[in-house]
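A short worksheet on the structure shown next.
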Amino acid sequence: MKKMSFGWAILPLAVMIVIMLFTIVILEQGPHIPLLVGTAVAGLVAWRQGFSWKEIEEGMYKGIRLVLPAVIIIILIGLIIGSWIGGGIVATLILYGLQIITPSFFLVSIAAICALVSLAIGSSWSTMGTIGVAGMGIGLSMGISAPMIAGAIISGAYFGDKMSPLSDTTNLAAGLTDTDLFVHIKHMWYTTIPGFVIALGVFWFLGRNFSAAGTDTANIAQTAAILRESFITSPFLLLIPVFVFFLVAKRVPTIPALVVGVLLGFLAQIIIQGGSVSEAVGALQSGYVIETGNVMVDDLFNRGGLDSMMYTVSMILFAMSFGGILEHTGMLRSIMEEILKMAKSTGSLVASTVLSAVATNAACAEQYVSIVVPSRMFAKSYKKRLLQSKNLSRALEDGGTLTSVFFAWNTCGVFIFGTLGVNAFQYAPYAVFNFAVPILSIIFAFTGFSITKMTDEEIAEVEAEELEIITADDKDAVPVQV
């Protein structure tokens, strides 16, 4: 691969971020065009550095292929939202939530509920696309701002995703670093548990402003009345999400489990809600349609369906085209190497790992890449400092898994916007867990807290591996004729 200088490598990312901020904050437009501009600049830089159009194009295709499984899940989540709204499942969740959860403890409650569900099924996306949608309805009915609600939902969903042995990112980080899965999870307790406690504390503090006495109870009562009038609600409908979560928890692959959820919601709309087949199909294609006269209820329930996710899918394709060029032309590697130069101590090594994962989330717009690339870049450095691999695996998740939500063009940020209807710039200050953990990870690294060194046996294994490599190199060497 051709060597890319840091100056050329950082140029496309810098241009894209500047245009992105201007377009979203000043022009109040979507992120698609900035991503296209960034892709064009990345392509021009790659061409300027000697890459052919065929190589650039292949980099784009590789980036897109990487995210195709996520695209399928996004489409299925759109179908689930449409079918579960049409089937009365979301209305039932909201109605019972309004009766059980008090406004002052709503943010804490929804974060805890999402954490438990995500911990059980190992998927933040599935949690946000189901429980999260209902949570938005409950919170908005209580007069709580959408960014606050989204921040609590995201914090809970990513806590469970990070700590669940069923999570794909958790298994990925453990596998890439050759760390036992449960050793990896246990080591993450040191940063993850305090981070979540901090988040719950912030949500409790914010929730004090939404006491029952200060809440518009008339609005809650009106919302509940509209839901009862518009849908047939029953505790039996709750069996549908419970069954889907049960399937995922039993290690049924995510896609078949979500398809079952779509089918059950579709049948519920026809059999329980009395809708026609045409209306049920319409909810899957273009989303559920309702006109109650209540703006908040209409905004919440007129959504879902295949069409609603095409904005999200198109943005992901653009983002991965951009990220694919950066990854496969060596631009990302050049950026990572520059960050690695800062690693002069154990603390700075861990900090560099976390920051590299964050930078990869920004550059390549994909959570998985933010774990894969730094794991390859930093593995040798951790061995040289005789640090156990679980230090690396934890840093990868602290920086990669959690910070993906802060970039509007990242697949996670795009998914959240398409599902919860709140963009990254709005919910970022309230996704407390997601920024508390990386900060704690860096602080602990510099203080040495929970940083573990290799045992004597592990050091011996590393030395034996290096000896094997040196021996193999000597065997391959060509004898010099004198």
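Residue numbers (the numbering used here): 21 to 502.
Glycine included, C-beta positions come from ideal geometry on N, C-alpha and C.
Confirm, please, whether the CB-CB distance from residue j to residue i is below 9 Å.
i      : j      : result
Gly79  : Gln289 : no
Ser175 : Ala131 : yes
Ala382 : Ile44  : no
Ser424 : Ser372 : no
Ile39  : Val57  : yes
Val282 : Leu99  : yes
Ile93  : Thr274 : yes
Val457 : Lys182 : yes
Leu258 : Leu113 : yes
Ser103 : Leu304 : yes
Gly441 : Met156 : yes
His204 : Arg414 : yes
Ser146 : Tyr178 : no
Val393 : Glu347 : yes
The alpha helix (DSSP H) that contains residue i, what's its start and end?
i      : result
Lys364 : First-last for Lys364: undefined, no H or E at that position.
Trp429 : First-last for Trp429: undefined, no H or E at that position.
Asp181 : Ala166 to Met183
Ala65  : For the record, residue 65 in the displayed sequence is Val; it is not Ala. Start and end: His52 to Arg68.
Asn454 : Val452 to Thr467
Arg85  : Trp73 to Gly106
Lys206 : Leu201 to Gly227
Val272 : Looking at the DSSP string, Val272 is not in any alpha helix (DSSP H), and its letter there is neither H nor E.
Asp318 : Val315 to Phe321
Met40  : Phe26 to Leu41
Phe125 : It is not in any alpha helix (DSSP H) - Phe125 carries neither H nor E in the DSSP assignment.
Tyr331 : Met330 to His348
Thr190 : Asp188 to Leu196
Leu160 : Val153 to Ser161
Phe256 : Per DSSP, Phe256 belongs to no alpha helix (DSSP H) and is neither H nor E.
If you draw a straight line from the C-alpha of residue i to the C-alpha of residue j, how long is it?
i      : j      : result
Met148 : Ile173 : 7 Å
Ile291 : Leu337 : 37 Å
Thr475 : Met362 : 26 Å
Thr253 : Phe427 : 37 Å
Ile246 : Asp200 : 51 Å
Ala111 : Val65  : 51 Å
Phe453 : Gly215 : 5 Å
Thr190 : Ala238 : 44 Å
Ser187 : Gly142 : 4 Å
Phe202 : Leu416 : 16 Å
Gln69  : Leu136 : 49 Å
Thr467 : Gln408 : 17 Å
Ser334 : Ile53  : 11 Å
Thr243 : Gly295 : 22 Å
Thr439 : Ser25  : 39 Å
Gly27  : Phe398 : 22 Å
Val315 : Gln293 : 22 Å
Trp224 : Tyr116 : 21 Å
For residue i, count neighbouring C-beta atoms within 10 Å of its own C-beta (all shown protein chains included) and say buried if the count is 16 or more, exposed if not.
i      : result
Ser298 : exposed
Pro123 : buried
Gly325 : buried
Phe251 : buried
Leu41  : exposed
Gln119 : exposed
Thr472 : exposed
Lys364 : exposed
Lys74  : exposed
Asp418 : buried
Gln49  : exposed
Trp209 : exposed
Going by the DSSP bridge assignment, what does residue i pair with across the sheet?
i      : result
Lys473 : Leu407
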